[in-house]
Amino acid sequence: MTRYLLPARRRQATERAYVLVEARFLSSEARSSSRASERFWHTIGRVSVRIRQTSAEGYLMERIVELLGKEADSLLGHSCQGVTKESLHLPSPNSVDEIFGPSDRSIRVLGNLQRLIGHGRLKNTGYLSILPVDQGIEHSAGASFAPNPIYFDPENIVKLAIEGGCNAVASTFGVLGAVARKYAHKIPFVAKINHNELLTYPSSFDQVMFGRVQEAYDQGAAAVGATIYYGSEESNRQIVGVAEAFEEAHQLGMATILWCYLRNSAFKTDKDYHVSADLTGQANHLGVTIKADIIKQKQAENNGGYLALKFGKTSPLVYEQLTTDHPIDLCRYQVVNCYMGRSGLINSGGASGGADDLAQAVRTAVINKRAGGMGLISGRKAFQRPMEEGVQLLNTIQDVFLDPEITIA
């Protein structure tokens, strides 16, 4: 475990440097001169800043190790061998220039991608922290907001994203439209253009358009978001509709984010293969094919969906060489299917489970970052609790991506 307490050792070394600097200056015959005194305090000041910085880093890493618990060594020490990090296009301050610059994306799309990357606590790191709140439709408003009724008001959704230091807020036409003139210039909007509503009886699972791409543009959105339920009976229609919407969004200068989900009751047997690395990886590959700039995907929890369900096509090499059962390798395969990271992978935060939400969020963030992903999009864990606690949770997720000690595996 001590491997991950390097900042603490650096802090001790810096403190020793502080003492040496102080001793050297105070023993100098010139210490009485004002110029020497000025040099002394300037040097001490700089070292003090380093002490504070390394102390903060040390505390952060210790906190992350604590939250990861018994998985800390495995998650923080793992090295991917099947697909190495050198093969990937990784998030960086220059992601837009280096990754999207050579593409067919227009100057306006590049500008909006930079808006997304250049906002919030993670600005200009290449990583994203997005607050998604479309659950009022997807899971019903009562189920989503009853735990914290202030979020029935769209303004509080946007306030949480701003106070939480997010790169963007993703929500419905109605939520964003209610406050667009007040906030569209203060935080990037991601307008979710299709939804699955739960008021139809008996329940059906289909993503239908709730508005036009032009509306998102008129609201000042930096990007549009859409969901496709791959594997469902309606998936072919959804693919065609979303592909057309993404093309229009790009023509208008907006970026595109795809909620790239699997949905078929046959995918759940002894395991839930909706979160299988091979199947979600193929969903990602279909998503980037219709020019999703960013892929939102549930983090893989198992593998071998093709083999267990006995359908489709795969290769033994996927399981023998490209992946293992380690969660970072499973997530790495999801990144690989996003054109080796040319389209960024952001993992979803999942449902709010109560006391262990923070630990789960940190685990997901560590896996995503070390796999080569682009960040997290976490909603219910943040807004189904008091706003101050939601802000703290979002900030802790962001801290993982800001911490230089957490590297690409």
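For the sequence shown, the numbering used here begins at 23 and goes up steadily by one. Here a beta-carbon is modelled for each residue, glycine too, at the ideal position from N, C-alpha and C.
From residue i to residue j, what does the alpha carbon distance come to, in whole angstroms?
| i | j | result |
| --- | --- | --- |
| residue 329 | residue 292 | 13 Å |
| residue 86 | residue 424 | 12 Å |
| residue 354 | residue 278 | 22 Å |
| residue 221 | residue 231 | 16 Å |
| residue 334 | residue 101 | 30 Å |
| residue 71 | residue 81 | Note that residue 71 scores 41 on pLDDT, short of 50, meaning its location in the model is unreliable; the coordinates nonetheless yield the value given after this. Roughly 15 Å separates the two Cα atoms. |
| residue 396 | residue 255 | 30 Å |
| residue 327 | residue 305 | 12 Å |
| residue 166 | residue 194 | 14 Å |
| residue 173 | residue 153 | 13 Å |
| residue 243 | residue 342 | 43 Å |
| residue 418 | residue 147 | 16 Å |
| residue 350 | residue 318 | 17 Å |
| residue 421 | residue 241 | 31 Å |
| residue 368 | residue 360 | 11 Å |
| residue 96 | residue 103 | 14 Å |
| residue 175 | residue 344 | 46 Å |
| residue 347 | residue 202 | 45 Å |
| residue 207 | residue 325 | 42 Å |
| residue 404 | residue 415 | 6 Å |
| residue 191 | residue 211 | 5 Å |
| residue 295 | residue 233 | 32 Å |
| residue 125 | residue 339 | 30 Å |
| residue 299 | residue 321 | 8 Å |
| residue 83 | residue 262 | 45 Å |
| residue 409 | residue 401 | 12 Å |
| residue 314 | residue 93 | 33 Å |
| residue 163 | residue 226 | 18 Å |
| residue 269 | residue 377 | 42 Å |
| residue 185 | residue 213 | 20 Å |
| residue 428 | residue 99 | 9 Å |
| residue 380 | residue 371 | 10 Å |
| residue 51 | residue 113 | Note on residue 51: pLDDT 42, under 50, position unreliable in the model; no value is reported. |
| residue 249 | residue 90 | 31 Å |
| residue 62 | residue 426 | Unreliable positioning characterises residue 62 in this predicted model, as indicated by a pLDDT of 44, which lies under 50. A coordinate reading is not provided. |
| residue 309 | residue 363 | 13 Å |
| residue 257 | residue 430 | 34 Å |
| residue 384 | residue 177 | 27 Å |
| residue 229 | residue 260 | 7 Å |
Under a three-way DSSP split, which group does residue i fall into?
| i | result |
| --- | --- |
| residue 423 | helix |
| residue 216 | strand |
| residue 289 | helix |
| residue 284 | strand |
| residue 261 | helix |
| residue 294 | strand |
| residue 403 | helix |
| residue 276 | coil |
| residue 396 | coil |
| residue 87 | helix |
| residue 413 | helix |
| residue 63 | Reliability of the predicted coordinates at residue 63 is poor, the pLDDT of 44 falling under 50, and the value obtained from them is presented with this limitation in mind. Three-state DSSP puts residue 63 in a helix. |
| residue 230 | strand |
| residue 418 | helix |
Under the assumption that residue i contacts residue j (Cβ atoms under 8 Å), give the Cβ distance between them as a whole number of angstroms.
| i | j | result |
| --- | --- | --- |
| residue 209 | residue 246 | That pair is no contact at about 16 Å. |
| residue 272 | residue 137 | Not really, about 15 Å apart at Cβ, beyond 8 Å. |
| residue 235 | residue 183 | Actually they do not touch by this definition, with Cβ atoms about 22 Å apart. |
| residue 312 | residue 265 | 4 Å |
| residue 111 | residue 159 | Incorrect: roughly 33 Å between the Cβ atoms, too far for contact. |
| residue 275 | residue 131 | 6 Å |
| residue 189 | residue 144 | 6 Å |
| residue 252 | residue 280 | About 10 Å separates the two Cβ atoms, so there is no contact after all. |
| residue 392 | residue 170 | No, residue 392 and residue 170 are not in contact; Cβ-Cβ is about 32 Å, not under 8 Å. |
Ends of the beta strand (DSSP E) at residue i?
| i | result |
| --- | --- |
| residue 334 | Run containing residue 334: none; DSSP gives neither H nor E here. |
| residue 249 | 245-252 |
| residue 319 | 316-319 |
Between which two residues does the alpha helix (DSSP H) carrying residue i extend?
| i | result |
| --- | --- |
| residue 304 | 299-311 |
| residue 95 | 94-99 |
| residue 431 | Careful: residue 431 lies outside any alpha helix (DSSP H) and carries neither H nor E. |
| residue 237 | 235-240 |
Inside the segment 129-206 only - alpha helix (DSSP H) runs reaching at least 4 residues: 129-139, 163-167, 176-185, 195-205
Unbroken stretches of the alpha helix (DSSP H), 4 residues or longer, contained in the segment 348-389: 349-358
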